[in-house]
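Peer 1: The following block contains the structure, expressed as structure tokens.
Residue numbers (my numbering): 2 to 240.
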């Protein structure tokens, strides 16, 4: 069995619920690889080999070692190279990423992608930390800083989710990037890479964990009208 574990939903971020409701320590019991954001939508989280990194809105990258740090939303899995597809990726962009994986038939399954190598261009955004009363994710996305870099070695990691699960998570690709020197990171809006080694892991189980002990989450009213359009606009990325 292969499992991707998700705490929280993107829909709750759209509904202004951004308080951290799971600790880093607890999250890491469910996976050693993944992505997310910190309490108050504070930056972009990248988890590789059990190490947690945060890109903040100044462009800095921080190594998160305090296991009591909390997150409102995150997805993780245990990296399993022995059962992952090991694939070469050449002349890869966000626009042609899915077409390079057509033979793997990922449209209707959850999958994790990890690519490492030389990126000729990476364009990211980083959500700035919010305080109560929280705005919606869409409002934050309209005022978030963006960063670009060229000719960088690094790792792109994230997930593909089937369209039917849009709302709980981002339908299509949701990808983050971390440079090898830990000087650049964020939520990927676009990228170009010329030579990479990649692994693709297909999941047969999607485990959704909800913050049922959080009063604001239990009491929130979800506006379903326009939810998908709002998530697509806030997440960005060239699907």
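Just so it is clear, CB atoms sit at the ideal spot from N, CA and C, and this is done for glycine as well.
Can you check DSSP and say which residues form a bridge with residue 91?
Peer 2: Locating residue 91 in the chain shown gives position 90, where the first residue counts as 1. According to DSSP, residue 91 bridges with 196.
Peer 1: So the candidates are 16, 72, 60; which of them puts its Cα closest to the Cα of residue 26?
Peer 2: In the chain shown, the residue the question calls residue 26 occupies position 25. The candidate whose alpha carbon is nearest that of residue 26 is 72.
Peer 1: Can you give me the C-alpha to C-alpha distance between residue 147 and residue 35, rounded to a whole angstrom?
Peer 2: Along the chain shown, read from residue 1 onward, the residue named residue 147 stands at position 146. Along the chain shown, read from residue 1 onward, the residue named residue 35 stands at position 34. Taking the straight line joining both Cα atoms gives about 21 Å.
Peer 1: How is the beta strand (DSSP E) around residue 167 delimited, first residue to last?
Peer 2: As a working mapping, residue 167 is identified with position 166 in the chain shown. Run containing residue 167: none; DSSP gives neither H nor E here.
Peer 1: May I ask which residues mark the beginning and end of the alpha helix (DSSP H) holding residue 79?
Peer 2: In the chain shown, counting from the first residue as 1, residue 79 sits at position 78. Note, residue 79: premise wrong, no alpha helix (DSSP H); not H, not E.
Peer 1: Considering Cα atoms alone, identify which of 216, 171, 105, 177 is closest to residue 233.
Peer 2: The count along the chain shown starts at 1 and reaches residue 233 at position 232. With distances taken between Cα atoms, residue 233 lies closest to 171.
Peer 1: Please classify residue 41: does DSSP put it in a helix, a strand, or coil?
Peer 2: Looking up residue 41 in the chain shown gives position 40. Note: residue 41 maps to coil in three-state DSSP.
Peer 1: Within 10 angstroms of the Cβ of residue 195, are there 16 or more other Cβ atoms? Answer buried if so, exposed if not.
Peer 2: Position 194 of the chain shown, counted from the first residue, corresponds to residue 195. Flag for residue 195 reads exposed.
Peer 1: On the three-pair Cβ rule with 8 Å, is the segment 178-191 touching the segment 50-70?
Peer 2: A contact exists between the segment 178-191 and the segment 50-70.
Peer 1: Got a sec? Which residues, its chain only, sit under 8 Å from residue 209 by beta carbon, not counting five neighbours each side?
Peer 2: Taking the chain shown and counting its residues from 1, the one referred to as residue 209 is at position 208. So the list reads 7, 10, 169, once near-sequence residues are dropped.
Peer 1: Is any beta-carbon of chain D found at less than 8 Å from that of residue 225?
Peer 2: The chain inventory of the structure shown lacks chain D, comprising one protein chain alone.
Peer 1: Is the separation between the beta-carbon of residue 42 and that of residue 15 shorter than 8 Å?
Peer 2: Locating residue 42 in the chain shown gives position 41, where the first residue counts as 1. Locating residue 15 in the chain shown gives position 14, where the first residue counts as 1. Contact flag unset, no.
Peer 1: Tell me, to the nearest whole angstrom, how far the beta carbon of residue 201 is from that of residue 112; I am working on the premise that it is less than 8 Å.
Peer 2: Position 200 of the chain shown, counted from the first residue, corresponds to residue 201. Position 111 of the chain shown, counted from the first residue, corresponds to residue 112. Sure, about 6 Å apart at Cβ, within 8 Å.
Peer 1: Are at least three pairs of beta-carbons, each pair with one atom in the segment 40-55 and one in the segment 66-86, less than 8 Å apart?
Peer 2: The answer is yes - the segment 66-86 touches the segment 40-55, with three or more Cβ pairs under 8 Å.
Peer 1: For residue 108, which of helix, strand or coil comes out of DSSP?
Peer 2: In the chain shown, the residue the question calls residue 108 occupies position 107. Three-state result, residue 108: coil.
Peer 1: Between 40, 4, 175, which has its C-alpha nearest residue 125's C-alpha?
Peer 2: Reading the chain shown from its first residue, position 124 is the one you call residue 125. Considering only alpha carbons, the answer is 175.
Peer 1: On a CA-only basis, which of 80, 75, 93, 110 is nearest residue 188? Give me that one, please.
Peer 2: The sequence position of residue 188 within the chain shown is 187, counting from 1. When only C-alpha atoms are compared, the closest one is 75.
Peer 1: Return the CA-CA distance between residue 207 and residue 177, expressed in angstroms with no decimal places.
Peer 2: Stepping through the chain shown from its first residue, residue 207 is reached at position 206. Stepping through the chain shown from its first residue, residue 177 is reached at position 176. Rounded to the nearest angstrom, the two C-alpha atoms are 20 Å apart.
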